[in-house]
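Counting from 1, one number per residue, gives the positions in the sequence shown under full-length UniProt numbering.
All C-beta atoms in this analysis are idealised placements derived from N, C-alpha and C, irrespective of residue type, glycine included.
Working notes, beginning with the structure itself.
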Amino acid sequence: MDEIPSKKQKTHRSHKVGGKASKASKKQPRTNVGSNAKAFTFKSANRARTAIKRSANISERKKHIPLIDTTPLEPPPIIVAIVGPSKVGKSTLIKGLVKHYLHLTMNSLKGPISIVTGKTRRVTFIEVENEVNSMIDIAKVADLVLLMIDASYGIEVEVFEFINICQTHGMPKIIGVLTHLDLIKKTSELRKTKKNLKHRFWTEIYDGAKLFYLSGLKRDQYLNAEMKNLARFISVVKFRPIIWRQNHSYLLVDRFEDLTNPEDVRKNPKCDRSVSLYGYIRGSNMKSENDVHISGVGDFKIKEICTLSDPCALPDKKKMKRTLNDKERTVYAPFSGLGGIVYDKDAIYVESSLMEKKDDPEKNGLISQFDELKETVDKKVSKSQMKLLEKSNKAIEISQESESELSDEENSIEDEDEGEDIDEEDFSDEEMIEDEEDLDETEEESEPVPKKSKFIEGYEKVEENGEDWHNLTMKAKSLWKKGKDNKINWNKFIYNPLKIEEEDSNDEDNNNTDFSGGLFKILKKEKEKINISLENQEDGYCYTTPCTSNSLTSGFFKTRNWSDDATKQLIKDCFVTGKWDNEDDAFKMDEFDEETGVCKDSDDSDNDSDDNGESIDSDDKSNNPNFISDKKALHKEKISKKREKLKAQFNAEYDENNEAYNTLKEELDVQARLNKTIFDGMDEGTREKLEGWRAGKYVRIEFESLPCEFVDNFNTTRPYIIGGLLPGEQNLAYIESRIKKHRWYDRILKSRDPLIISCGWRRFQTVSVYTIQDHNMRHRFLKYTPQYMFCHAHFWAPIVPQNTGFLAVQSLDEEKKSFRIAATGVVLSNNKTSDVVKKLKIVGYPYEIFKKTAFIKGMFTSKLEVAKFEGASLKTVSGIRGQIKKALSTPEGAFRATFEDMISKSDIVFLRSWISVEIPKFFTPITDKLLNSTDKWIGMKTTGRLRFEKGIVLEHDPNTNYKNVERKEYVKKDLVISKDLQKALPYQLKPKVADVKKDNREPIVKKYTAIELSHEDEKVESFMQSVKDVYKNKLEKEKQKNLARLEKRNKELQEIEEKKMRKSKQTKKNICRRMSKQEQARVRRATRGQK
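See the structure below:
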């Protein structure tokens, strides 16, 4: 059997074109690239011009109109709104984010939740319910929106509605979040769904908008890695300022307190309430004299506003490390029961639920005991006696009888000597709290204290019953244990210990707290260290243990007076960190004199710097104890220099074509710095009166005369916005706007129908009139909004600035599954009067005619109406124009008019004019926050809706029906051309005699087809046949005549032709004879000459 030959393998063919080929060509080094600029320039000037134009276009499109930076030095928390349809996972997402930041699992989260997420950033998360009013309110204040989409269902109509709302009220940053991806099982379908939703999301927002994918749930929570990735994007997102928010102050309410007297509420449950609302001021500065609008409630005056301490303050930048620890990740959410201790103007609120979860319950025993308290401290002090220790006898008794004695003794004590005063530092409440554990151990050893003794803080003890308790402080001090930390604080000892002690105490008051809010403090043992003598303290270098060496150094440290000023100056430079400069004295090596203890400069210094001024060699660095090299500082300095160099290089190229733009930016930067620093020298009270309450401050705003429904129906899941109003924005006027019906709204908008409008901070119901602007700037009335086209809308509403966007909704209580945004628009102007007109056509009849003058009646009803229209133009049906002159005495409403020609009595006279349209003054604010969450706000309804709900059917007029027009069938007639015109036409255009239609029937059918005619038809047929025969005979005779005539003519022409031939032949013969004779004569002459 023959062997099967091996099959030849295909040779590898490398890609010549395509993506792989282009990548490979880029990787290969270019060998023929030289330094000749002319040889390696661009090939096409047109392509180079196009590329330059494109790059310039890209750079110009990146520019934004520069605005003044109004960001405060300590900005308020950014508002992150979580929006989406029902059952899409909003609550699960906010719980996952809170767990990521706080490492806590919370089951119930309501209202705003403020969290410190970074060194310079705080975030306020708020979940928005699937309701139009809440979505409109949060779109006005949100900085970042997490728009959640159910991937298994698709983008729902609520998502499109919210995007449209954001586009109207100032577009915030929007990040999409896809959920329920785990419900899509097939990988190919999942990939396709992601792609389709991403591109549809980009269509609505912008190309490249961020879209996150949450793959699924694990133990009813999203994955930690996905939450971490989302939190990273939230922490670095940047915001573009919105004009409306920059010019207006606003506040998102995160706390609510009812200040109404309970007795008034008991007497009248429907009485008006006094309420205080809390939150961070955002936008511009808020002034107490300006009105504010509470969304869903109405406009109110501020009774009182005051600044409170920040409950969610940023960590101290000086003491903060690279990342935040759990104690620095503070949270503030009173509606959800988070926030620890909160200081108010006249009260302190303690929330222990967070602390019990975050720390051990033993550490928070004091806070947890507050829940069991039933009386305040003042009441307890007035009823009981004060003790120093728990098991000791009562040392101080405060009663109503002794209050008068205390006041009398205060005056006498002031005149006594101060040598026996009690040292407050040795015996203070702070030390008692600090050493509480030591006190518990020594309670049994304490001596009994007499019952009655009076003590006034800052003064001597007042003796009572003849006993002296002057040494009480020394006894208490002897019972305390000394701290174990006896190290010398050289920094504090050398550099003004009193000043540093004050700074440390201030820092401890702000930061060193066991519990959130700063009520209980655990202080460091600094004061105890001061009382320890210097020789008993440890300096970290020369220990306090007995020294057996007899060296000079040990003797020097024992005999040295460290309190001497000269000694302090010698060791000051030992506490400086960082890199020494070449010019500093401490940079050089010093020689230490053991006898005098003075450092002298050595002549043989090895620390000479290089020629370039660089640092000393590494060997010298290691041998120099006073020099500390900071690698991190050097690295940062190197990076900063590199960045500055690159920035200068970029600016050199960029600033050439952007001088005007950069100049404008510099002017605005100067103005921004001036705005922030103009009030720096003033105290806070004066500054608030002049400037107002700045953005970033946490304030308490008190209102009075609020409806009781606001308190009774307060819902923490809804966003409550307090928007500041500029002067004049509380006044009402006619608003002229440009509006367009949304293409997705399935109903047409009609003039004088009620419309719910969201404009500025307000949501209100009004009646709108639609117009269109003519070329002469006249606003002509429209009954309906045009389709796919802008028109003007006029309505009665509060004044708002121009170019303010607004949107319109027809109703809030209808269960409507389709798109609910009826229209969007922008405010053009505010007027006190309206200038809307519509056409008016009046008919009159002439009753007397005098040539070109006529008396007209039936057009007006009084002389006053005629006087109003004097000079107006008239027109008759026949087209004759005229003018109104003057009213007549009788009949009433008749007038004299002149025309350009004489009219007849049968003519009808028309007057075409314009009449003003009145705009209804109807304005009603939406008060949905005063209703129960289950109820919906119902305003004025449209006429069509009322008829539908009540089943009212209009009387139908049959004349209004459309009728089918019956038209006769069009029959095209033949074109008839006169004979004269036919003669003038050229032959090609002359009508030709049409050929007789041929009978295409078969011969046998023609032969045997019998046609039976009537008697009259036979007569007609015989007559026509005889006419045809006569005509045919006539044509035959004419034909014979024409043939005879033609034959005779041909004979005549033949004879003429023959005569011509004979004559031509004779002529040719004569010419030939003459020429032959001439030739013969020439020959004869030639022969004669030869001879």
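In the three-state reduction of the DSSP assignment, tyrosine 153 falls in the coil class, being assigned neither a helical nor a strand state. In this structure, the beta-carbon distance from alanine 887 to valine 866 falls below 7 Å. Fully enclosed alpha helix (DSSP H) runs of no fewer than 4 residues occupy 863–868 of the region 810–893, in order along the chain. For the pair of segments examined, the region 679–692 was found not to touch the region 83–97: the number of CB pairs separated by less than 8 Å stays below three. At a Cβ-Cβ threshold of 7 Å, isoleucine 78 and valine 128 do not count as neighbours. Glycine 96 and arginine 820 have their C-alpha atoms spaced approximately 32 Å apart. Between isoleucine 68 and alanine 672, the gap from beta carbon to beta carbon is short of 7 Å.
Glycine 893 has its alpha-carbon roughly 7 Å from the corresponding atom of glycine 858. Judged by DSSP secondary structure, leucine 674 falls outside any beta strand (DSSP E) and instead within the alpha helix (DSSP H) spanning 659–677. Secondary structure remark: continuous beta strand (DSSP E) runs of at least 3 residues inside the region 292–340, in chain order: 292–294, 298–300 and 304–308. Here the alpha carbon of threonine 117 sits roughly 14 Å from the alpha carbon of proline 75.
In the DSSP assignment, tryptophan 796 falls within the unbroken beta strand (DSSP E) covering 791–798. C-alpha of glutamate 304 to C-alpha of threonine 677: approximately 27 Å in a straight line. In the DSSP assignment, leucine 807 forms a beta bridge with Ser758 and Thr824. Of the candidates Pro786, Ile772 and Gln730, Ile772 places its Cα closest to the Cα of glutamate 736.
Distances from the CA of valine 83 to each of Ser215, Lys53 and Asn133 were compared; the closest alpha carbon is that of Asn133. Here arginine 1085 is exposed. Its C-beta has fewer than 16 other C-beta atoms within 10 Å. Phenylalanine 650 carries a helical assignment under DSSP once its states are collapsed to helix, strand and coil. The region 933–943 makes no contact with the region 793–801; the number of CB pairs closer than 8 Å stays below 3.
Taken in chain order, the unbroken stretches of beta strand (DSSP E) that lie wholly in the region 143–187 and span 3 residues or more are 144–150 and 173–179. Isoleucine 739 places its beta carbon less than 7 Å from that of glycine 825. For the pair leucine 211 and lysine 198, the CB atoms are nearer than the 7 Å cut-off. Here the region 711–723 lies against the region 289–298, with 3 or more beta-carbon pairs under 8 Å apart.
Per DSSP, tyrosine 1008 is one residue of the alpha helix (DSSP H) stretching across 1003–1008.
Your pair leucine 930 and phenylalanine 764 does not check out as a contact, with CB atoms roughly 14 Å apart and the cut at 8 Å. Checking the DSSP bridge columns, you'll see phenylalanine 125 partnered with Val80 and Ile113. If you draw a straight line from the Cα of glycine 18 to the Cα of isoleucine 748, it comes to about 53 Å. For histidine 169, same chain residues with a beta-carbon under 7 Å away, outside a window of 5 residues either side, are Ala139, Lys140 and Gly805 in chain order. The straight-line gap separating the alpha-carbon atoms of lysine 863 and tyrosine 847 is approximately 17 Å. One thing to note: cysteine 312 has its Cβ within 7 Å of the Cβ of tyrosine 332. Of all alpha-carbon atoms in Asp137, Pro85, Ala21 and Ser55, the one lying nearest the alpha-carbon of threonine 179 is that of Pro85.
Going by DSSP, isoleucine 721 is part of the beta strand (DSSP E) stretching over 721–724.
Cβ-Cβ separation between proline 920 and tryptophan 796: approximately 7 Å, consistent with a contact (criterion under 8 Å). Contact between leucine 181 and phenylalanine 162 does not hold, since the beta-carbon distance rounds to 21 Å and is not under 8 Å. In the DSSP assignment, arginine 912 falls within the beta strand (DSSP E) that extends over 909–916.
Between isoleucine 174 and isoleucine 136, the C-beta gap is not smaller than 7 Å, which leaves the two residues out of contact.
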